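Q: This structure is in structure tokens; I'll ask about it shortly.
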Amino acid sequence: MNINNTPWWQRAVFYQIYPRSFMDSNGDGVGDLQGILDRLDYLVKLGVDAVWISPIFPSPMADFGYDVADYTGIEPIFGDMETFDRLLSEAHRGGLRIVLDYVPNHSSIEHPWFIESRSSRENPKRDWYIWKDPLPDGSPPNNWEATTGGSAWNWDDNRGQYYLAQFIKDEPDLNWLNPEVVSAMEDVLHFWLRKGVDGFRMDMLPHLVEHPDFPDNPPIPADHPFRSIGLTLEQVHTVDQPETHAIVRRFRKIFESYEGDRVIIGETPLFDMAKLASCYGQNLDEVHIPFNFKLLLTGWNAGKMKAVLEEYYAAIPEGAVPSIVFGNHDFARIATRFGRQNLRSAAVLLLTLWGVPTMYYGDEIGMENGDIPPDRLQDPWADPGKGTGRDPERTPMQWKNSPNAGFSPPGVKTWLPVADNYRSINADSQEGDPDSNLNFYRRLLKLRRDLPALHEGGFEFFDPVPQGVLAYTRRSGEQQILVLVNFESQPHQLDLSPLGAGARTLLSTESGEQDRVDLSRVGLGPNQSLILMLE
Ligand code: NOJ
């Protein structure tokens, strides 16, 4: 029920499930839909509102599902359509929404559309993908670079042409300037929306359309965040083209033709905040929640975090909501990146900043990046030059202290190894411990859900505070909440008397915190965060 006229997703907390790694119900070493179904109670009890499931569609798994071979089917390794339908209705019965992944930029090289397209230059689907002739010397038509490095152009003997693949070569780019492609891919949206899914996270959205003249991309600027993944060119002509916005506006109309405020979440790795803000659409008629990758790439540093947030919040158009996300299946886990000592403070930030939070499975129990021996590497991005790729953040969920961590039955070879620390870091052993990370997350999620100031209130930084500390208020009506986050191991005593005389502690990352706080002398221990109700 929508009690205050804002769509559900504006107040929601999203939880990302990487389905291969959440729960293996049939003992084949890979997670599946039945496994998610079996764990819906865990998610309801955790207190999240919506689950985003990474791709579950038939796929040769060259990129673990992001290479889709049939957009309206279910990959047998994950189950079947009947199980998906049950998952959707059971989730809805428990009050959870289900958001699927839509991968519009590219299909699998094994998608029947691509098989037809590459079969001949006369095939009716010849222009469903981006094909170009070689230059006279046989080299690729321009310098465009794949996000995984190297040329984005791949030679096809049969057509005697290159096809474009902006991620890996097994993921040829669909041609979104072809109206037949647009219509076929819109049918995909209708298929799932008709079934009742609550929305989509859309993969590589800014990449949909390329410049029609195929000009070379310029060298990447020295301070560009994508230098860190080894890119040498700036994706000027391959990203964020005007036609992409027009296509997303069409998606949005489709979503709005269905009841229930279906949501579009965008994978939008744009680092210019004006460009990121433009993803909402000039009339807020494009993406509802464009993910902020600048935040994802900001390290654990109060000053930097504040600067990124200030720039970001200032760019958010009136009436839109920001996205807060610190981790996903492509980035090192927060326990590893931010440090274990900052795990709970990262949770406080994620769930109390202004914006729609997206959590990553296992972060609630403090899972860390796993160690992947060279002979167990799976990610196509893993190579000697790039290290272990993205496997370490994709290891199986640690459910309990038993072999295979309760993810698969003991003795089964799981698709990626279970992280060694499962004996001490697992959901089961945290269940009964009131001071565990799991129960900390549950309290925090409940607080966010119960307090309008946290899920829909205004936001303001409070200054001055010592270096290494962030302080901000969230306000809604009479409710005024102060959040303090100490990013460092140096303790502080803060004078916050401009905010009033006293406050009540709602939550602390440390146990045994006093209930009442004198605002002229607030103690903040090493790496500690406090959520206070101002009086
Ligand atoms: C972004 C996804 O998050 C990533 O996992 C995938 O490999 C690429 N897009 C290609 O689809």
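Numbering of the sequence shown is given in this note's numbering, commencing with residue 1 and proceeding in unit increments.
Where is the CB? At the ideal position from N, CA and C, for every residue including glycine.
The structure presented is a predicted model; accordingly, all values stated were derived computationally and were not measured.
1) Grab the span of the beta strand (DSSP E) containing Thr505 for me, first residue to last.
2) Does the beta-carbon of Arg521 have 16 or more other beta-carbons within 10 angstroms, so that it is buried, or is it exposed?
3) How close, in whole Å, do the beta carbons of Asn142 and Phe214 come, if the pair is a contact with beta carbons under 8 Å?
4) Let me know the secondary structure DSSP gives His536 once reduced to three states.
5) Whole-angstrom Cβ separation of Glu116 and Leu37, contact assumed at under 8 Å?
6) Here's the rule I'm using: 16 or more other beta-carbon atoms within 10 Å means buried, otherwise exposed. How should Thr232 be labelled?
7) What I want to know is whether the C-beta of Asp61 ends up closer than 7 Å to one or more non-hydrogen atoms of ligand 1.
8) Report all residues from its chain with a CB closer than 8 Å to the CB of Ala274; omit the five preceding and five following residues, and keep chain order.
9) For Lys132, which three-state DSSP category applies?
10) Using 8 Å as the cut-off, can you tell me whether the region 512-527 makes contact with the region 376-393, which would need three or more C-beta pairs spanning the two stretches below that distance?
11) To the nearest angstrom, how far is it from the Cα of Met1 to the Cα of Gly468?
12) On a Cα-Cα basis, can you pick out the residue from Phe462, Glu535, Asp495 and Met359 that is closest to Ile17?
13) With respect to the beta strand (DSSP E) encompassing Asn154, which residues constitute its N-terminal and C-terminal limits?
14) For Val263 and Gly199, which I take to be in contact (beta-carbon distance under 8 Å), what is that distance rounded to the nearest angstrom?
15) Just to confirm the assignment, what range does the beta strand (DSSP E) spanning Thr147 have?
16) Applying the 10 Å Cβ sphere with the 16-neighbour rule, what's the burial state of Leu284?
17) Report yes if the C-beta of Met359 is less than 7 Å from at least one heavy atom of ligand 1; otherwise report no.
18) If you follow the beta strand (DSSP E) that Met202 is in, where does it begin and where does it stop?
19) Using only the heavy atoms of ligand 1, determine whether one of them is closer than 7 Å to the beta carbon of Val99.
20) Within the continuous beta strand (DSSP E) that includes Glu460, where are the two ends?
21) Given Lys446, which residues of its chain have a CB within under 8 Å of its CB, disregarding the five upstream and five downstream residues?
22) What do you reckon, are the CB atoms on Ser436 and Asn401 nearer than 8 Å?
23) Use the C-beta contact count for Leu135: other C-beta atoms within 10 angstroms, 16 or more gives buried, fewer gives exposed.
24) Assuming Tyr102 contacts Asp203 under a Cβ cut-off of 8 Å, what Cβ separation, rounded to an integer in Å, is found between them?
25) Starting from Arg474, follow the beta strand (DSSP E) in both directions and report where the run begins and ends.
26) Within the continuous beta strand (DSSP E) that includes Gln398, where are the two ends?
A: To lay it out plainly:
1) In the DSSP annotation of this structure, the continuous segment of the beta strand (DSSP E) that includes Thr505 starts and ends at Gly502 to Ser508.
2) Classification of Arg521: exposed, given that the 10 Å Cβ count is below 16.
3) With a contact defined as Cβ atoms closer than 8 Å, Asn142 and Phe214 qualify at about 5 Å.
4) Lying outside 1 to 535, the shown extent of the chain, residue 536 is not represented and no answer is given.
5) Rounded, the Cβ-Cβ distance is 36 Å, inconsistent with contact.
6) With fewer than 16 other Cβ atoms within 10 Å, it is exposed.
7) Position check: residue 61 holds Met in this sequence, whereas Asp was assumed. No, since every heavy atom of ligand 1 falls outside the 7 Å radius drawn around the Cβ of Met61.
8) If you ignore the 5 residues before and after Ala274, its C-beta comes within less than 8 Å of the C-beta of Ala315, all in its own chain and listed in chain order.
9) In the structure shown, Lys132 falls within a strand segment according to DSSP collapsed to helix, strand and coil.
10) These segments do not touch.
11) Because Met1 sits at a pLDDT of 39, beneath the cut-off of 50, its placement in the model cannot be relied upon, and the following sentence gives the value as read from the coordinates. Cα to Cα, the separation comes out at about 41 Å.
12) That would be Met359, whose Cα lies nearest to the Cα of Ile17.
13) Here the beta strand (DSSP E) through Asn154 covers Trp153 to Asp156.
14) At roughly 3 Å, the Cβ-Cβ gap stays under 8 Å, so Val263 and Gly199 are in contact.
15) Taken as a continuous stretch (DSSP letters only), Thr147 belongs to no beta strand (DSSP E), as it is neither H nor E.
16) Leu284 counts as exposed, since fewer than 16 other C-beta atoms from the protein chains shown sit within 10 angstroms of its C-beta.
17) Taking the Cβ of Met359 as the reference point, every heavy atom of ligand 1 lies at 7 Å or farther away.
18) Judged by DSSP secondary structure, Met202 falls within the beta strand (DSSP E) whose first and last residues are Gly199 to Met202.
19) Not so, every heavy atom of ligand 1 lies at least 7 Å from the Cβ.
20) Element bounds for Glu460: Gly458 to Phe461.
21) So the qualifying residues of the chain are Gly47.
22) Here Ser436 is not near Asn401, since their CB atoms are 8 Å or more apart.
23) It is exposed - the Cβ of Leu135 has fewer than 16 other Cβ atoms within 10 Å.
24) Contact between Tyr102 and Asp203 holds, with the beta-carbon distance rounding to 7 Å and staying under 8 Å.
25) Per DSSP, Arg474 belongs to the beta strand (DSSP E) from Val469 to Ser476.
26) Per DSSP, Gln398 belongs to no beta strand (DSSP E) and is neither H nor E.
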